[in-house]
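Notes follow the structure.
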Amino acid sequence: MSDELKYKLERAMAVIERLREATASMVQPASASIVQQYGRDPFLVLISCLLSLRTKDSTSLPASCRLFCLAKTPQQMLELSSGAIEKAIYPVGFYRVKARTIHTICQDLIDRFDAQVPSGEDDLLSLKGVGRKTMNLVQAEGFGLPAICVDVHVHRIANRLGLVTTKNPDETEKALKALLPQHLWAECNRVFVMWGQNVCVPISPFCSRCVVADVCPRAGVKRSR
Ligand code: SF4
Numbered sequence: 004m005s006d007e008l009k010y011k012l013e014r015a016m017a018v019i020e021r022l023r024e025a026t027a028s029m030v031q032p033a034s035a036s037i038v039q040q041y042g043r044d045p046f047l048v049l050i051s052c053l054l055s056l057r058t059k060d061s062t063s064l065p066a067s068c069r070l071f072c073l074a075k076t077p078q079q080m081l082e083l084s085s086g087a088i089e090k091a092i093y094p095v096g097f098y099r100v101k102a103r104t105i106h107t108i109c110q111d112l113i114d115r116f117d118a119q120v121p122s123g124e125d126d127l128l129s130l131k132g133v134g135r136k137t138m139n140l141v142q143a144e145g146f147g148l149p150a151i152c153v154d155v156h157v158h159r160i161a162n163r164l165g166l167v168t169t170k171n172p173d174e175t176e177k178a179l180k181a182l183l184p185q186h187l188w189a190e191c192n193r194v195f196v197m198w199g200q201n202v203c204v205p206i207s208p209f210c211s212r213c214v215v216a217d218v219c220p221r222a223g224v225k226r227s228r
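Residue numbering for the sequence shown follows our numbering, starting at 4 and increasing by one per position.
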């Protein structure tokens with residue numbers, strides 16, 4: 004490992020340790036709440052992640068819970084009409100499209116995977132509406148596998164902290180996987196998401212009350228509070 008990478012790794016470990024403590028009392032990400040409430044169920048993590056796309060956790064989490072009151076398996080989900088799913092998940096973004104996608108995915112799981120969510124990267128990515136973010140979240144939170152889900156928060160914070168210098172979430176995922184030990188991958192997602200929702204917000208982050216301000220170069224930050 005080069006000296007530069009060693010330095011970045013030490014900094015990354017220190018950042019994650021501090022954020023672990025600082026986020027302990029924050030509202031956890033929706034996927035972690037789903038696991039806490041329903042156990043490690045890849046199907047429920049997958050569906051809740053789809054509902055959370057382009058929707059705030061504060062809207063998508065209650066919507067997921069309303070839907071899971073009605074159905075918790077692919078078979079049960081297919082017994083619901085699209086209208087019933089739409090009604091349960093409203094007002095998540097694109098709720099009509101998402102209701103149709105849920106039906107398509109459930110039928111696909113039954114047809115190709117014996118009604119089970121697959122754990123492999125290629126199989127997960129072959130499901131309708133599943134991109135790398137959802138795939139990684141299902142692997143990490145649904146199966147407990149080493150995976151880094153890079154959403155907008157993780158991408159933004161990793162770059163601001165100078166841990167990576169990347170243009171998009173896919174590049175960030177690769178760079179963080181090269182930098183961090185596997186046992187920190189899932190936690191990196193959780194603490195960065197909470198920090199990104201509360202402190203290192205997209206516009207004008209709260210650097211004055213940030214616990215990692217002394218080790219953060221604030222790359223790309225033009226205005227802060
Ligand atoms: S110091 Fe500012 S830019 Fe750096 S992580 Fe904290 S809030 Fe984000």
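Even for Gly, the Cβ is constructed at its ideal location relative to N, Cα and C.
- Here the alpha carbon of G199 sits roughly 7 Å from the alpha carbon of P205.
- Around the C-beta of V100, fewer than 16 other C-beta atoms lie within 10 Å, and the residue is accordingly described as exposed.
- By the Cβ neighbour-count rule, L8 is exposed, with fewer than 16 other Cβ atoms within 10 Å of its own.
- Contact between V48 and E144 holds: CB atoms are separated by about 5 Å, below the 8 Å threshold.
- Shortest gap from the CB of F209 to any heavy atom of the ligand SF4: under 7 Å.
- The C-beta distance from N192 to M29 rounds to 14 Å, too long to meet the 8 Å contact threshold.
- According to the DSSP assignment, F71 belongs to the alpha helix (DSSP H) that extends over 60 to 73.
- A straight-line Cα-Cα distance of about 14 Å links A33 and K136.
- By the criterion of a C-beta distance shorter than 7 Å, V141 is surrounded in its chain by P45, V48, L49, C52, V120, L127, once the five residues flanking it on both sides are discounted.
- With a cutoff of 7 Å, L179 does not count as near the ligand SF4, since its C-beta is closer than that to no heavy atom of the ligand.
- Per the coordinates, the alpha-carbon of A181 lies some 27 Å from the alpha-carbon of R43.
- Excluding its 5 nearest sequence neighbours in each direction, G147 has C-beta neighbours in its own chain below 7 Å: R43, listed in chain order.
- Between the ligand SF4 and I151, a heavy atom-to-CB distance of less than 7 Å is absent.
- For G86, the enclosing alpha helix (DSSP H) starts and ends at 85 to 92.
- Pairing V95 with L54 gives a Cβ-Cβ distance under 8 Å.
- Within the same chain, Cβ atoms closer than 7 Å to the Cβ of V18 are found at L164, V215, V218, the five residues on either side in sequence being excluded.
- The three-state reading of DSSP puts T169 in coil, since its state is none of H, G, I, E or B.
- T76: not part of any alpha helix (DSSP H); DSSP gives it neither H nor E.
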